[in-house]
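So the structure is just underneath, and the comments pick up after that.
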Amino acid sequence: MLNFLKPLRWKSWFISWQQVDWWLFAMPVGLSFFGGLVIRSAELNLPVTDWWQHWIVGSIGLGLALFLARCRYENLLQWHWIIYGLTNFFLIAVMAIGYSAKGAQRWISIGGFNFQPSEFAKLGLIITLAALLHSKGASTIPSFARALAITAVPWLLIFIQPDLGTSLVFGAITVGMLYWANTNPGWLILLVSPVVAAIVFNLYLPAWFAWTAVMSLIAFSTLPWRWWGAAGAIAINLVGGQIGHIFWGLLKEYQKNRLILFLNPEKDPLGGGYHLIQSRIAIGAGQMWGKGLTQGTQTQLHFIPEQHTDFIFSAIGEELGFVGCIVVMIAFWLVCLRLIIIAENAKDNFGSLLAIGVLAMIVFQVIINIGMTIGLAPVTGIPLPWISYGRSAMLTNFISIGLVESVANYRQVRRF
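Every position in the sequence shown, counted from 1, becomes a number in my numbering once 227 is added.
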């Protein structure tokens, strides 16, 4: 009798995870293990190494993800305002008691652990927006404006730290979730139009006129107040162009260089453009198969600053070549594919929006991080998920996967 019960007892341990997406668990775990190997290679000749912490924090993150996967995500609906309040509280706290590094005040030290509130704020925003949009969506102007107002508070607190990279991630999360919540695509274009106007107004005035004309047509055709909407679009893009001057003055000098030098890094080869030049050299030197782990000259001689964090993809390109880069991108593609499948099969809008918010966060970070290492995007300090060294980012990414796995685990069982 006892021998008969033992198999049942073991099976009972896994009942709580019987519907989770194990591929979605496998990819981040594999990327985290791989990231530890690359970080170790990048730190091989340094006097102090901490690559092993990447695996320890990843293991903790995996444990949290497994725990969250067996918890019902719907319970977050009654806690979303508390989560939103805590998100803003810690973002304010970091301005008061946080410490600065590399020109930004982003970290709070708790028991020797450097806690970065802006990383966890991404998750807080996803939960809050999903809770707000799950019932009414964002197909009306009031609901659309409410979602933007909710996003604006933590976004502003992060922007003034300053943390330009995370503020951009906030924008990507918001746009992605609003689109999934049936927001008119024209409104999303109008939402980002002032940013584009701020750039083209200061670069080429005729392009600003053309852009403003297109925005006025979109406003005329999508907003309920046609003529007022068109006039408002023109005014907003004019104001956006002028505000571009103001915001440019608020940015630190290193942030300005990050935004413009990717277009021509040779303009300052020993200063702001140094990272980009050395990164492209390293990736190009890897060719098809790479020089081998721990064998890359650019990586081992530390020509690339921050190569274990923001520029880890350059180490992958040099030591594992084009093939290694493609394998990494396929792994991220699989993660995104599973997130889309879970979003489409979620039992309610709240779960679907959670999955899409995580998808938008990961896609944007991967595109910008890889893009900046090959010179196609500005240097913004955005890490490569699960691969770059960063404890707060690692925990945030695993917790996000745990929430999405909860959506998968408690979806409605299909009956045939």
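Where a beta carbon is used, it is the ideal one built from N, C-alpha and C, also for glycine.
Predicted, not measured: the structure shown is a model, and the values here were computed from it.
Quick one: Cα of C298 to Cα of W452, how far?
-> Looking at the two C-alpha atoms, the distance is approximately 45 Å.
Spell out a yes or no on whether the region 384 to 399 and the region 341 to 350 are touching, meaning 3 or more CB-CB pairs, one atom from each, closer than 8 Å.
The region 384 to 399 makes contact with the region 341 to 350: 3 or more CB pairs, one atom from each, lie closer than 8 Å.
Open item on the list: Rounding to the nearest angstrom, what Cα-Cα distance links I567 and D248 in this structure?
Closed with: Distance between the alpha carbons of I567 and D248: 12 Å.
ask   = Apart from the five residues just before and just after T521, which ones in its own chain have a Cβ nearer than 6 Å to its Cβ?
value = Only S268 and L271 meet the Cβ criterion.
Subject >> Helix, strand or coil at A336 [DSSP, three-state] >> reply: Correcting the residue type first, residue 336 is Ser in the shown sequence and not Ala. In the structure shown, S336 sits in a strand (DSSP, three-state: E or B).
- Message: As an exercise, report each continuous alpha helix (DSSP H) stretch of at least 4 residues that is fully enclosed by the region 559 to 641, in chain order.
- Response: Counting only runs of 4 or more, we get 576 to 600 and 618 to 636.
Give me, in chain order, the residues of the same chain whose beta-carbon lies closer than 6 Å to that of N596; leave out the 5 immediate sequence neighbours on both sides. If we look at N596 and ignore the five residues flanking it on each side, its Cβ neighbours are I609 and L611.
### Message
What would DSSP say about F538, mapped onto helix, strand or coil?
### Response
Of the three classes helix, strand and coil, the one that applies to F538 here is coil, per DSSP.
Inspect the beta-carbon positions of I324 and I335 and report whether they are closer than 8 Å. Annotated as proximal: I324 and I335, with beta-carbon spacing under 8 Å.
inquiry  = To the nearest angstrom, how far is the alpha carbon of A253 from that of I461?
reply    = I461 has its alpha-carbon roughly 49 Å from the corresponding atom of A253.
Exercise. Have a look at W438 and P412 and give me their C-alpha separation to the nearest angstrom.
Key: Approximately 17 Å between the Cα atoms of the pair.
* With a CB to CB cut of under 7 Å and the five nearest residues on each side skipped, what residues in its chain are close to R638? -> Q246, N572, A573 and K574, listed in sequence order.
Is G364 closer than 8 Å to A424 when the C-beta atoms are compared? Against a cut-off of 8 Å, the Cβ pair of G364 and A424 comes out as no contact.
Query raised in the report: I387 and L303 look like a contact to me (Cβ under 8 Å); what is the Cβ gap, rounded to whole Å?
Result: Not confirmed; about 28 Å, so no contact.
- prompt: In whole angstroms, what separates the C-alpha of Q527 from that of A509?
  reply: Approximately 11 Å, taken between the alpha carbons.
I'd like the list of long-range same chain contacts for V593, defined as Cβ closer than 7 Å, with 5 residues on each side in sequence excluded. In chain order, F559, L611 and P612 place their CB closer than 7 Å to the CB of V593, counting only its own chain and leaving out the 5 sequence neighbours on each side.
- [ ] Locate the alpha helix (DSSP H) running through R507, then write down its first and last residues.
- [x] Unbroken alpha helix (DSSP H) run through R507: Y501 to G513.
L229 classed as buried or exposed, judged by whether at least 16 other C-beta atoms fall within 10 angstroms:
Only weak support is given to the placement of L229: the predicted model assigns it a pLDDT of 44, under 50, and the value that follows is read from those uncertain coordinates. L229 counts as exposed, since fewer than 16 other beta carbons sit within 10 angstroms of its beta carbon.
Give every residue of the same chain whose Cβ lies closer than 6 Å to the Cβ of H529, excluding the five residues on either side of it in the sequence, and list them in chain order.
-> Excluding residues within five positions, none has a Cβ falling inside 6 Å.
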